[in-house]
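Structure first, then comments.
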Amino acid sequence: MTTAIPDKPLPFRTSWTQSFWDGTKRGEFLIQRCSNCDTPRFPPKPVCSNCWSTDCREVPAAGTGTVYTFTVQYRAGVPAFANDVPYAIVLVELDEGVRVMSDMVNCDAEQVHIGMPVKLVWDPPSEDLTMYKFEPA
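The working numbering applies: residue 35 is where the sequence shown begins, and numbers increase by one.
Laid out in structure tokens, this is it:
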């Protein structure tokens, strides 16, 4: 008897995040910048945490940065990730000044370290969504 592994859960998209996900489909990683004080923000949200302005613009990020912190998963939290363990989940500080969490790929999980230079790579799990991940730069 074989047991099918369920699909991995996909992010929930909202009116605030839809333009971000549309950008990933085009190969752009968009961050918001406050139009009032220029503070960068990610994930997308309706209000600047610095000045409370609701005016913002979306700008493409270069997709490069360094590992701020990480954890290595040795056990899948849900069955969909069972074939991936061990894998590293990284919090990356992008060169633009925002921190972004995702998976590290194309690298042994044991080799990930704080300060490691990384870059974005794209992973389209479905036709209508493109996920971002990180790999060593």
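Backbone N, C-alpha and C fix where the C-beta goes; we use that ideal spot for every residue, glycine too.
Whole-number beta carbon distance between THR100 and VAL152, since they are thought to touch under 8 Å: 7 Å
Inter-residue Cα distance where the pair is MET35 and ALA114: Per-residue confidence for MET35 stands at a pLDDT of 49, beneath the threshold of 50, marking its modelled position as unreliable; no derived number is given.
CB of PHE63 within 8 Å of CB of LEU154, strictly: yes
DSSP state of THR164 mapped onto helix, strand, coil: strand
Proximity to ASP41 [Cα-Cα], best of GLN145, PRO80 and SER160: SER160
For THR58, the first and last residue of its enclosing alpha helix (DSSP H): Judged by DSSP secondary structure, THR58 falls within the alpha helix (DSSP H) whose first and last residues are 52-59.
Supposed close pair THR103, PRO77 - CB separation, criterion 8 Å: So it is not a contact: roughly 17 Å between Cβ atoms.
Neighbour-count burial assignment, ASN128, 16 or more Cβ in a 10 Å radius: Reading off the sequence shown, one finds Leu at residue 128, where the question assumed Asn. By the neighbour-count rule (16 or more Cβ atoms within 10 Å), LEU128 is buried.
Selection from ASP142, SER53 and GLY57 that minimises the alpha carbon distance to ALA122: The closest CA to that of ALA122, considering only ASP142, SER53 and GLY57, is found on ASP142.
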